[in-house]
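Chains as they are written, first to last, in our numbering: chain A, 1 to 126; chain B, 127 to 252. All residues carry an ideal CB built from backbone N, CA and C; glycine is no exception. First the structure, in the form of structure tokens, and then the observations on it.
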DNA sequence: TGTCAACCTAGACGAATGCCGAAGCAAGCG
DNA sequence: CGCTTGCTTCGGCATTCGTCTAGGTTGACA
């Protein structure tokens, strides 16, 4: 079986995506919803949410898989699968340096999602 | 790990939940991740994301189901099911007034989620 | 009171998800 | 060269999800 050198161009969410007039100020079009929903879905799992946090809050903005895996009571392949999900959602970026693989958070994308949710306005009280 | 499934006591997310030191500044504990993940999961569907937007951006901050349903090519029960999911995730609130049912967005919760994602810092590494 | 409209609940079914163990690549070291 | 370690991919199950049709339940109105 031939080796594919290009593992994942995915990037549904680019850093230049226009996106994000706040969800509460303007109705989200179907296209935009379809583009953004996978990112929220990827965050919709406790393990992935913790992974995302561990990666984003890491020292250099990147975390080694070897540090992430032992933080859970899950098998290595399962963690790898969750990381792949985050990667395909465009939330993180992976890079292999020597023996280890490092994941880095795409903070621009996180900020886009945050901007979408932030209702410029106030709390529940009208 | 002795993971205890949350039985969905409604309102996992209260308006007074302290929550939300940004995800990128402090590692999210397992409990918090378990509490917040359902909200992101609820937003992880294009239909629900549009519903959320339609409700949050409605005139009085509330939208009638009779206005929401015809906006999609889905059956009534399916829309109802999605609204229920949003409700159980604590993202919206439902109220019946006479014949119609109105849904209102919990903007405080949306703001909490936004604050969690907003990485006080900058964009992706330049 | 009977009837109609709006909305939710119940049950079912195909598709996707989460998990694991086993196997496959990649990099370093004896 | 071959062995060990790190991470991913590959098949497999059990569970959950999204959707539908059919059948309530609530309220308005003649």
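* Buried or exposed: residue 207/B, going by 16 or more other Cβ atoms within 10 Å of its Cβ? -> So residue 207/B ends up on the exposed side.
* What is the residue span of the beta strand (DSSP E) that residue 153/B lies within? -> From DSSP, residue 153/B is part of no beta strand (DSSP E); its letter is neither H nor E.
* Anything in chain B within Cβ reach of residue 119/A, meaning under 7 Å, just list it in chain order. => Taking the beta carbon of residue 119/A as reference, the chain B residues within 7 Å of it are 182, 233, 236 and 237, listed in sequence order.
* Residues that residue 94/A bridges to, as DSSP identifies them -> The partner list for residue 94/A (beta bridge, DSSP) reads 103/A.
* Cα-Cα separation, residue 79/A to residue 180/B -> C-alpha of residue 79/A to C-alpha of residue 180/B: approximately 35 Å in a straight line.
* Asked: What does residue 153/B touch in chain A if you count any residue whose Cβ is under 7 Å from its own?
  -> At a beta-carbon threshold of 7 Å, the residues of chain A lying near residue 153/B are 53, 54 and 57, ordered along the chain.
* Considering only residues of the same chain and omitting the five flanking positions on each side of residue 105/A, which have a CB-CB separation below 6 Å? -> Excluding residues within five positions, the ones whose Cβ falls inside 6 Å are 55, 56 and 92.
* To do: Give, in chain order, every residue of the segment 37-51 of chain A whose Cβ lies closer than 9 Å to some Cβ of chain B.
  => Contact annotation: in the segment 37-51 of chain A, residues whose CB is within less than 9 Å of a CB in chain B are 37, 38, 39, 40, 41, 42, 43, 44, 45, 46, 47, 48, 49 and 50.
* Just confirm the distance between the C-beta atoms of residue 244/B and residue 155/B, as a whole number of angstroms; I'd bet it's less than 8 Å. => At roughly 19 Å, the Cβ-Cβ gap does not stay under 8 Å, so residue 244/B and residue 155/B are not in contact.
* Identify the contact partners of residue 160/B in chain A, using a Cβ-Cβ distance below 8 Å as the criterion. => Contact annotation for residue 160/B against chain A: 46 [CB-CB distance below 8 Å, chain order].
* Asked: Is the Cβ of residue 83/A closer than 8 Å to any Cβ of chain B?
  -> Chain B contact via Cβ: absent.
* To do: In angstroms with no decimal places, state the Cα-to-Cα distance between residue 67/A and residue 211/B.
  => In this model, residue 67/A and residue 211/B are separated by some 34 Å (Cα to Cα).
* Asked: Once you ignore the five residues that flank residue 49/A on each side, which residues in its own chain have a CB closer than 7 Å to its CB?
  -> Taken in chain order, the residues that qualify are 43.
* To do: Count the other CB atoms, across all protein chains shown, that sit within 10 Å of the CB of residue 10/A; report buried if there are 16 or more and exposed otherwise.
  => Confidence is the limiting factor: at residue 10/A the pLDDT is only 35, short of 50, which leaves the residue's position unreliable, though a coordinate-based value still follows. The residue in question, residue 10/A, is exposed, as its Cβ has fewer than 16 Cβ neighbours within 10 Å.
* To do: Can you check DSSP and say which residues form a bridge with residue 64/A?
  => The partner list for residue 64/A (beta bridge, DSSP) reads 102/A.
* **Option in 228/B, 150/B, 234/B and 241/B with minimal Cα separation from residue 190/B** => Ranked by Cα distance from residue 190/B, the first of 228/B, 150/B, 234/B and 241/B is 228/B.
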